[in-house]
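In my numbering, the protein residues as written are 12 to 379.
One structure is given below, encoded as structure tokens.
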């Protein structure tokens with residue numbers, strides 16, 4: 012590399028490194044890391060096992076972000092310090108060029124990770140699927156999507172727990188609600204919110220006609236710091252019922268399932284994965300608080316227009332993604348324009364291409 016190329020690299024990547032520092036909120040993360048490190052040293056830290064595990068998970072994620080940045084900063088400074096010697100030594104120049112290429116690749120990975128910088132991106136979440144009009148066709152499509160997401164969770168190392176499951180009368184599912192646990196679960200899945208459209212030859216149609224089916228997906232972050240969300244007793248209706256069917260992992264079949272309806276907003280939350288009615292009610296109330304907190308967040312975002320272009324109505328005329336099985340194979344996201352021809356791979360849970368493209372899309376929208 013010539014001297015002017017090296018100077019150009021230093022100028023360009025100094026800015027990229029500064030942008031990464033700001034995107035990762037390194038100064039804030041260092042303070043949070045110190046605070047959480049002190050918290051885990053407290054004698055009563057393990058009294059609440061779930062909270063303790065979430066805290067450790069958060070601490071590890073913060074440490075990972077800080078370490079990523081610190082490692083890149085050190086490598087960048089080492090490259091700068093080596094330039095003068097490399098300009099007069101060909102062997103050193105070859106080594107320096109290799110180090111620069113490695114640095115660029117590592118920075119690219121960190122830039123992708125920095126896209127998950129939303130306030131609740133690290134949080135666990137609730138993913139819900141609701142088939143649209145079309146009866147058995149749409150209910151079967153909802154089941155196909157559930158299998159797709161379940162495989163994605165497995166690939167990412169996320170844990171899933173089915174909170175509510177309603178089986179279809181003939182095939183598929185009427186609705187499903189899943190708790191997804193893992194680092195950045197909400198951040199990676201938030202872009203799945205919206206209507207998913209399927210075009211295929213129906214296995215339920217003897218004439219082998221082509222059918223179009225719809226299913227809506229909703230994703231809500233589980234917000235732990237939502238104790239300020241007040242829910243009045245008179246604003247909720249609580250029903251206890253028997254589980255509707257097998258429904259996959261951890262869904263019990265006792266009369267302990269709980270459905271809570273929030274009258275002012277019409278939000279309905281159901282939990283049936285625990286055998287204890289008390290535990291189901293407690294978890295359902297936590298989910299309801301998260302949904303109400305998320306509702307307030309959405310209202311503020313709309314007022315500030317902070318996500319212009321990324322907000323889509325969830326109805327059956329505004330699909331975010333189409334999955335075409337026939338007459339050709341194509342999965343296309345209508346927001347980022349990202350597409351893949353290998354439908355089978357996508358349905359087997361390989362969604363990172365779509366998710367990364369969406370994260371870049373909303374980042375670009377915010378920077379416009």
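All residues carry an ideal CB built from backbone N, CA and C; glycine is no exception.
In this structure, residue 224 sits near residue 148, with a CB-CB distance shorter than 7 Å. Excluding sequence positions up to five before and after residue 220, its CB lies within less than 7 Å of the CB of 213, all in the same chain and listed in chain order.
A buried status is given to residue 126, since no fewer than 16 other beta-carbon atoms sit within 10 Å of its beta-carbon. Relative to residue 67, the option among 49, 83, 80 and 78 whose CA is nearest is 49. Taking all protein chains shown into account, residue 338 has fewer than 16 neighbouring C-beta atoms within 10 Å of its C-beta and is therefore exposed. Proximity to residue 193 across 281, 207, 271 and 168 peaks at 168, based on C-alpha coordinates.
If you draw a straight line from the Cα of residue 304 to the Cα of residue 297, it comes to about 11 Å. Contact between residue 248 and residue 272 holds: CB atoms are separated by about 4 Å, below the 8 Å threshold. Following the DSSP letters along the chain, one finds residue 172 inside the beta strand (DSSP E) bounded by residues 170-178. Between residue 122 and residue 31, the beta carbon gap of about 6 Å places them in contact (Cβ cut-off 8 Å). The DSSP-derived three-state label of residue 99 is coil. DSSP, read as helix, strand or coil, puts residue 77 in helix.
The beta carbon of residue 163 sits closer than 7 Å to those of 360 and 362, all from its chain and outside the five residues before and after it, given in chain order. Pairing residue 206 with residue 180 gives a Cβ-Cβ distance that is not under 7 Å. Taking all protein chains in view, the Cβ of residue 105 is surrounded by fewer than 16 other Cβ atoms within 10 Å, so the residue is classified as exposed. In the DSSP assignment, residue 21 falls within the alpha helix (DSSP H) that extends over 14-34.
Of the candidates 347, 334 and 372, 334 places its Cα closest to the Cα of residue 354.
Burial of residue 283 is indicated by the presence of at least 16 other C-beta atoms within 10 angstroms of its C-beta. Annotation for residue 157: 140, 184 and 187 place their beta carbon closer than 7 Å to its own, counting only its chain and skipping 5 residues before and after.
In the structure shown, residue 140 adopts extended strand secondary structure according to DSSP, grouped into three states. Going by C-alpha positions, residue 195 is about 27 Å away from residue 86. In the three-state reduction of the DSSP assignment, residue 241 falls in the coil class, being assigned neither a helical nor a strand state.
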